[in-house]
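Numbering (this note's numbering), first residue to last: 17 to 273.
Using N, Cα and C, we set each Cβ at its ideal position, and we do this for glycine too.
What you are looking at is a predicted structure, and each value in this text was computed from that prediction instead of being measured.
Below: the structure, in structure tokens.
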């Protein structure tokens, strides 16, 4: 896989980078020689970026202006944006009847509207270069649903639709768009769900892991963030130039049933 255009390193903007998948992607991209802007709401993301050798931009991506400013910051620092990895996400688990409207709006704004706005802002730079990669971190919940996750499931399903549309519009401009759909990954986001799921389902936390998170998996383990980062790196490479509009399942066999 290459990170170069001639002698110029590719520029990658990655969101949701303070931990988990985003942190793993930032680290892996830096190892490959990319120029990376790590974007996160949490100021702890700066430590992750500094350790990897990336730049950091703190932003609340539920704010449309912040989405555009993140792209502008990458352009100011590095001259362009070649790769966009939409990874930022939050979760809230409760039944539809009790689901807070403000949580619904937060999840949709962060996990569906922000990827659109970031792609829209980065698109002219990719089009000018006649090369671009949009990689959306979706979820197995972009393919199937689970109780208690109305907003998350809706956002992730919508992200697949956006990915396909971006692929069709970008095909003649050298821009590809793909989605990655992992099952449960060892991240703080997943850790924080365990207690919520235990309460919702009247289980203890170990039961949640065994009977909910791994119930439908053929491979009975959680996924490592580095495994997702390696798939991101492939889709960001020149080797994946013919791959677009696809949803890549890293789901331990969940959707094979």
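Nearest CA to the CA of residue i: which residue from the options?
i, options, result
"residue 210", "25, 89 and 110", "110"
"residue 25", "34, 95 and 65", "95"
"residue 79", "123, 98, 218 and 100", "123"
"residue 207", "119, 265 and 108", "108"
"residue 192", "172, 257 and 215", "257"
"residue 44", "186, 271 and 242", "242"
Exposed or buried, residue i, counting other C-beta atoms within 10 Å across all chains shown (16 or more means buried)?
i, result
"residue 273", "exposed"
"residue 155", "buried"
"residue 150", "buried"
"residue 17", "The predicted model places residue 17 with a pLDDT of 47, which falls under 50 and marks its position as unreliable; any figure quoted below should be read in that light. When all chains shown are included, residue 17 counts as exposed."
"residue 222", "exposed"
"residue 19", "Residue confidence is low: residue 19 scores 48 on pLDDT, short of 50, so the model does not pin down where it sits. Its coordinate-derived value is still stated next. Flag for residue 19 reads buried."
"residue 235", "exposed"
"residue 31", "buried"
"residue 131", "buried"
"residue 270", "buried"
"residue 198", "buried"
"residue 181", "exposed"
Taking a contact to mean a Cβ-Cβ separation below 8 Å, would you say residue i touches residue j in this structure?
i, j, result
"residue 188", "residue 35", "no"
"residue 184", "residue 97", "no"
"residue 134", "residue 106", "no"
"residue 76", "residue 82", "yes"
"residue 148", "residue 186", "yes"
"residue 70", "residue 42", "yes"
Would you mind reading off the limits of the beta strand (DSSP E) that contains residue i?
i, result
"residue 262", "Note, residue 262: premise wrong, no beta strand (DSSP E); not H, not E."
"residue 149", "148-153"
"residue 97", "Segment: none, residue 97 is in no beta strand (DSSP E) and carries neither H nor E."
"residue 73", "71-74"
"residue 27", "27-31"
"residue 51", "51-56"
The alpha helix (DSSP H) that contains residue i, what's its start and end?
i, result
"residue 275", "Nothing can be reported for residue 275: it is not among the residues displayed for the chain, which extend from 17 to 273."
"residue 268", "Taken as a continuous stretch (DSSP letters only), residue 268 belongs to no alpha helix (DSSP H), as it is neither H nor E."
"residue 113", "That residue, residue 113, is in no alpha helix (DSSP H); it is neither H nor E in DSSP."
"residue 138", "130-145"
"residue 39", "36-48"
"residue 156", "Segment: none, residue 156 is in no alpha helix (DSSP H) and carries neither H nor E."
"residue 67", "61-68"
Of all the CB atoms in chain C, is at least one closer than 8 Å to the CB of residue i?
i, result
"residue 184", "Among the protein chains of the structure shown there is no chain C, as only one such chain exists."
Quick check on the DSSP output: what are the complete alpha helix (DSSP H) runs of length 4 or more inside the stretch 167-250, in order along the chain?
204-217
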